[in-house]
Amino acid sequence: LAPHVYHDQRIEGTFDIKAWVCVLDDFDVFKVTRTILEAITRSTDDSRNLEMVQGRLRDILSGKRFLLVLDDVWNESRSRWEQMQKALDSGAHGSRILVTTRSKKVALSMHSDEHHLKELQEDYCWQLFAKHVFQNDTQPNTDCKEIGMKIVEK
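In full-length UniProt numbering, the protein residues as written are 1 to 154.
And the structure:
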């Protein structure tokens with residue numbers, strides 16, 4: 001769902017800046033902040049200091065409306081989130097941060113609105129999986145189909 005929101009044509013003109021950052025397991029405030037800065041500027045940043053990175057990010061976002069997607073967040077620490085948020089507070093009114101997570105604790109730690117996605121039905125999961133994995137092969141061999149079905153069950 002998040003990629004559809006991010007790439008929606010109606011969103012394009014709404015935000016001055018858009019960035020998508022995959023966070024994964026390690027929520028190191030410095031690394032995540034620097035990754036956000038690099039995603040926005042599309043260049044590497046060699047800063048070795050959190051305050052410097054946050055200052056640059058604050059300057060870039062200052063007065064601009066931005067959409068930031070933090071994908072696959074596992075950090076449940078409210079204090080880390082607050083520390084990182086310092087660099088994001090300079091954006092214009094209407095800026096949005098969209099966080100995807102599979103952890104209810106993460107959503108609660110951010111004190112934000114939650115939107116739960118329902119589990120897909122197994123038939124639909126298989127169709128979606130097969131479409132992307134087997135592409136034009138309408139009849140995958142039995143072994144591949146069996147392995148694929150086990151993946152979909154998870």
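Glycine included, each C-beta is placed from N, C-alpha and C at the ideal position.
- For Leu-98, the secondary structure class from DSSP, reduced to helix, strand or coil, is strand.
- For the 8 Å CB-CB criterion, Leu-98 and Val-73 do not form a contact.
- Met-84 is classed as buried because its beta carbon has at least 16 other beta carbons within 10 Å across all chains shown.
- In terms of Cβ geometry, Ser-77 and Ser-103 do not form a close pair [threshold 8 Å].
- Boundaries for Asp-123: no beta strand (DSSP E) harbours it, while the alpha helix (DSSP H) harbouring it runs 122-133, taken from the DSSP string.
- Secondary structure note for Leu-68: its beta strand (DSSP E) is the uninterrupted segment 66-73.
- Note on geometry: alpha-carbon atoms of Phe-66 and His-7 lie some 14 Å from one another.
- The beta-carbon separation of Arg-80 and Val-29, rounded to 5 Å, stays under the 8 Å limit for a contact.
- A residue is called buried once 16 or more other Cβ atoms fall within 10 Å of its Cβ, and Thr-44, having fewer, is exposed.
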